[in-house]
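So the sequence shown is numbered by our numbering: it starts at 30 and just counts up by one. Note that the Cβ used here is the ideal one computed from N, Cα and C, for glycine as well. Just so we're clear, the structure is a prediction, and the values are computed from it rather than from any experiment.
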Amino acid sequence: MTRETPINELKGVGIKRAELYKKLGIFTVGDLINHFPRRYIDFTQTVPVSEAPIGEHTVIKALVIKKNPAARIRQGLVLYKIFVQDDNGERVTIVFYNNRFAADALQEGEEYYFSGKITGNFTRKEMNTPTVLKTTETDLLRPVYPLTEGLSAAMVITNVSEVLKSADDSFFADMLPDSIRQEFSLSTYEYALRSIHFPKDEYAVQIARKRLAFDELLKLQLGMMMIKSRTRTANSCKMSRETVIMDEFFSSLPFELTGAQKRAVSEIIGDMCGETPMNRLIQGDVGSGKTAVAAAAAYFAAKNGFQTALMAPTEILASQHYKTLSEMLGALGIEVCLITGSMTKKQRAAAAERLEAGICHVAVGTHALISETTEFDKLGLVITDEQHRFGVNQRAALAVKGNDPHKLVMSATPIPRTLALIIYGDLDISILNELPKGRLKVETFAVTAKLRMRALGFVKKQLDEGRQGYIVCPMIEEGDQELAAAKKYAESLKNTVLAPYRTGLLHGKMSAAEKDKVMSAFKDHELDLLVATTVVEVGVDVPNATVIVIENADRFGLSQLHQLRGRVGRGQYQSYCVLIAENFTDESRQRLEVMAKTSDGFEISEYDLKMRGAGDFFGSRQHGLPDLKIADIAADRELLADCSRAAKELLEKSPDLAEYPLLRSETEELFSRNNNAAEAL
Ligand code: ADP
Ligand code: MG
Numbered sequence: 030m031t032r033e034t035p036i037n038e039l040k041g042v043g044i045k046r047a048e049l050y051k052k053l054g055i056f057t058v059g060d061l062i063n064h065f066p067r068r069y070i071d072f073t074q075t076v077p078v079s080e081a082p083i084g085e086h087t088v089i090k091a092l093v094i095k096k097n098p099a100a101r102i103r104q105g106l107v108l109y110k111i112f113v114q115d116d117n118g119e120r121v122t123i124v125f126y127n128n129r130f131a132a133d134a135l136q137e138g139e140e141y142y143f144s145g146k147i148t149g150n151f152t153r154k155e156m157n158t159p160t161v162l163k164t165t166e167t168d169l170l171r172p173v174y175p176l177t178e179g180l181s182a183a184m185v186i187t188n189v190s191e192v193l194k195s196a197d198d199s200f201f202a203d204m205l206p207d208s209i210r211q212e213f214s215l216s217t218y219e220y221a222l223r224s225i226h227f228p229k230d231e232y233a234v235q236i237a238r239k240r241l242a243f244d245e246l247l248k249l250q251l252g253m254m255m256i257k258s259r260t261r262t263a264n265s266c267k268m269s270r271e272t273v274i275m276d277e278f279f280s281s282l283p284f285e286l287t288g289a290q291k292r293a294v295s296e297i298i299g300d301m302c303g304e305t306p307m308n309r310l311i312q313g314d315v316g317s318g319k320t321a322v323a324a325a326a327a328y329f330a331a332k333n334g335f336q337t338a339l340m341a342p343t344e345i346l347a348s349q350h351y352k353t354l355s356e357m358l359g360a361l362g363i364e365v366c367l368i369t370g371s372m373t374k375k376q377r378a379a380a381a382e383r384l385e386a387g388i389c390h391v392a393v394g395t396h397a398l399i400s401e402t403t404e405f406d407k408l409g410l411v412i413t414d415e416q417h418r419f420g421v422n423q424r425a426a427l428a429v430k431g432n433d434p435h436k437l438v439m440s441a442t443p444i445p446r447t448l449a450l451i452i453y454g455d456l457d458i459s460i461l462n463e464l465p466k467g468r469l470k471v472e473t474f475a476v477t478a479k480l481r482m483r484a485l486g487f488v489k490k491q492l493d494e495g496r497q498g499y500i501v502c503p504m505i506e507e508g509d510q511e512l513a514a515a516k517k518y519a520e521s522l523k524n525t526v527l528a529p530y531r532t533g534l535l536h537g538k539m540s541a542a543e544k545d546k547v548m549s550a551f552k553d554h555e556l557d558l559l560v561a562t563t564v565v566e567v568g569v570d571v572p573n574a575t576v577i578v579i580e581n582a583d584r585f586g587l588s589q590l591h592q593l594r595g596r597v598g599r600g601q602y603q604s605y606c607v608l609i610a611e612n613f614t615d616e617s618r619q620r621l622e623v624m625a626k627t628s629d630g631f632e633i634s635e636y637d638l639k640m641r642g643a644g645d646f647f648g649s650r651q652h653g654l655p656d657l658k659i660a661d662i663a664a665d666r667e668l669l670a671d672c673s674r675a676a677k678e679l680l681e682k683s684p685d686l687a688e689y690p691l692l693r694s695e696t697e698e699l700f701s702r703n704n705n706a707a708e709a710l
């Protein structure tokens, strides 16, 4: 038996059970052994029935005193009731549905452990479908696996034990050299694997978890570092400072760049003039002025005769960037064009022609920009905005366009540096940690719905002073109902003090052209108020807007709220953000108070990450990293630092991991599991 052995060939697994395993993504014996328990039931921690909290998971130890005969309640539903009693004579009714096997296994007069949720009340307690263990059992820490209907915990336990019993040494081959294991105090792989499934005690779980999480994070780091070194080919778009007077660009701006912006620009120019292509991330808080940095980079490239492609995640953002860049660069004689999916074929063809001919130097667009039909004459720089929506594999895809162009990515989701180093491990990082001078902190208040009318009154006051505002309407679960709900909400404002103001509606169901129309009307102050769904989240820039009201604020992640709040406070006026929650729970109050207290995106993301964990923070797969089974890049930050050191040591000894074939193949496997980044390896 090897790891590649199909799961149906494992003793005790037939075709039918193999089908169930497939639902869990388990096809081979190796997959099964990597199906780690979610938690463990500790059968040593028994509770007297009288003290067992209702509605919570508990373990009781009790004697079977009576079994009711099977009762057919209705078609297809058979009920088994077993009455048990603990040492103090307290009774519980154990209930199984359709599980004769479980019911029959319990003998009258015998004592067992029962693990499950106690329901009922103080006089009549029940435990439904508990996990049962004989009191003669010695392994009292039992794994709880993710399961699927028809596949019981007992089945998985039996199958995993079978693998661990019959596996030979090659099965447990350790991918880590001893030196690394010693340096970082790690158990052997075999110990870790055996203990993660069937631990002797809690301590063994910890040791096993540490080792397995280390392996996973190490592979992640190795993969990213290898991508980074492989993509460091020769610089085929080499640029030079000599031909360019950057001051011409700087002095044409209506403002002076911040120190952080200047630093980023000079790092970018340094990269583009260097020996290898640029691969750089600009991480900047909302409003830190990333667009001007992008424009500077495009200017420098154009003056060197290279074209720039700037990709944005939405049409609104693409057209906004198009406008901004046209304003900044057009006057300096650099042509900018827009290419989006919603343009007519004819419009796109016209733009594409000028790009292909090399007349137009900067193309701004959505994903349409990397479609095969867009040809560049001499593409030298690719900029992607709002990077967290593009994965590492998409970054790799971009690299093939053109002649290995320089890459600059701009992220508006500040994340702690340690994490950025992982997620963007293939990139160098510049941080814009300075807001333009004179920016005022956005005053933020969190209120319950009871104060909604007062909040709207506050908006009115701002509008009366000639300012503009946003209202982010309540979140709706169903995409299809978004339109109706947004309309209804906008309609409801007609019964408020905001009725007289020019109000626009922006939602995800509008066509790009419609969105654009509303957005430009708002930008040109033909509208006072914009009622929007979260489509305004990213990047939209209207300096005259000074107030944003966010409904259902308690349902958003803090980083997302921070993004939304970043829509205001972009000009010289004091701005305000009102967060409305239907009700406060202790947790939501605490979270929203973080928003009120701080305006530092890095601090907010740190808090958000801690509260929600990495999975929720980044959203499903948004970061484009391989899925991790056991490690959590947010919670395992210390381990991550260790892995980073280990990865460097290993690559120093063997740059392509040739000396560690198992480590290499496992790394490749991690990266190929759910994206194509492996191609870059
Ligand atoms: P973000 O980093 O959120 O993408 P933008 O690039 O949209 O920020 O810039 C936000 C606003 O700040 C824009 O209106 C822009 O013109 C302005 N801005 C950018 N840099 C500066 C600066 N150095 N001084 C003053 N205003 C600036
Ligand atoms: Mg932006």
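Between the CA atoms of Gly454 and Thr532 - distance to the nearest angstrom
44 Å
So if DSSP puts Met340 in a beta bridge, which residue, or which two residues, is it bridged to?
Gly394 and Thr413
What did DSSP end up calling Thr473 once you bin it into helix, strand or coil?
strand
If we require 4 or more residues per run, which alpha helix (DSSP H) segments fall completely within the stretch 226 to 260?
231 to 259
State the beta-bridge partners of Cys731 as determined by DSSP.
The question about residue 731 has no answer, for the chain in this structure spans 30 to 710.
Cβ pair Thr575, Gly537 closer than 8 Å
no
Is it true that the CB of Ala321 sits closer than 8 Å to the CB of Leu282?
yes
When we look at the beta-carbon of Gly498 and count the other beta-carbons within 10 Å, is it buried (16 or more) or exposed?
buried
Under 8 Å between C-beta atoms, does Ile298 make it to chain C?
No chain C is present in this structure, which holds just one protein chain.
Is the Cβ-Cβ distance between Val121 and Ala91 less than 8 Å?
yes
Checking 8 Å against the spacing of the C-beta atoms, do Asp699 and Lys248 come in under that value?
Residue identity check: residue 699 is Leu in the sequence provided, not Asp. Yes; because the gap between Cβ atoms is below 8 Å, this pair is in contact.
Under a Cβ-count criterion, where at least 16 other Cβ atoms within 10 Å of its own Cβ denotes burial, should Glu695 be classed as buried or exposed?
buried
Can you determine whether any heavy atom of the ligand ADP sits closer than 7 Å to the C-beta of Arg599, and answer yes or no?
yes
Let me make sure I understand the geometry here. Which of Met624, Phe56 and Ile298 has the alpha-carbon closest to that of Asn333?
Ile298
Give every residue of the same chain whose Cβ lies closer than 7 Å to the Cβ of Ala484, excluding the five residues on either side of it in the sequence, and list them in chain order.
Val476, Val578, Val607 and Ile609
Buried versus exposed, by CB contacts within 10 Å (16 or more), Arg103
exposed
Do Asp314 and the ligand MG come close, with the Cβ less than 7 Å from some heavy atom?
no
For the stretch 369 to 376 against the stretch 384 to 398, do three or more pairs of beta-carbon atoms, one drawn from each stretch, fall closer than 8 Å, so that the two count as touching?
yes
May I ask whether a heavy atom of the ligand ADP can be found less than 7 Å away from the beta carbon of Glu285?
yes
Thinking Leu500 and Val560 are a contact (beta carbons under 8 Å), I'd like their distance in whole angstroms, please.
Residue identity check: residue 500 is Ile in the sequence provided, not Leu. Yes, Ile500 and Val560 are in contact; Cβ-Cβ is about 5 Å, under 8 Å.
Do Gly409 and Gln336 have their beta-carbon atoms positioned less than 8 Å apart in this structure?
yes
Of the choices Arg481, Leu556, Lys658 and Asp557, whose alpha-carbon is the least far from that of Ala582?
Arg481
For Leu170, write down the residues that DSSP places opposite it in a beta bridge.
Asp71
Three or more beta-carbon pairs under 8 Å between the stretch 452 to 471 and the stretch 323 to 332, yes or no?
no
With a threshold of 8 Å, are at least 3 pairs of Cβ atoms found where one atom belongs to the stretch 157 to 174 and the other to the stretch 65 to 72?
yes
Which whole-angstrom value describes the C-beta separation of Asp717 and Tyr518, a residue pair presumed to lie in contact below a C-beta threshold of 8 Å?
With the chain running from 30 to 710 in the structure shown, residue 717 is simply not present.
Give the DSSP bridge partners of Gln17, in chain order.
The chain is shown only over 30 to 710; residue 17 falls outside these bounds and no answer can be derived.
So what does DSSP say about Leu535, is it helix, strand or coil?
strand
Opposite Tyr141 in the DSSP bridges: which residues?
Ala91 and Lys163
Decide if Tyr126 is buried, meaning its Cβ has at least 16 other Cβ atoms within 10 Å, or exposed.
exposed
Could you tell me the alpha carbon to alpha carbon distance between Phe613 and Gly149, rounded to whole angstroms?
29 Å
Mapping the DSSP letters down to three states, classify Phe278 as helix, strand or coil.
helix
Give the secondary structure of Met204 by DSSP, where H, G and I count as helix, E and B as strand, and everything else as coil.
coil
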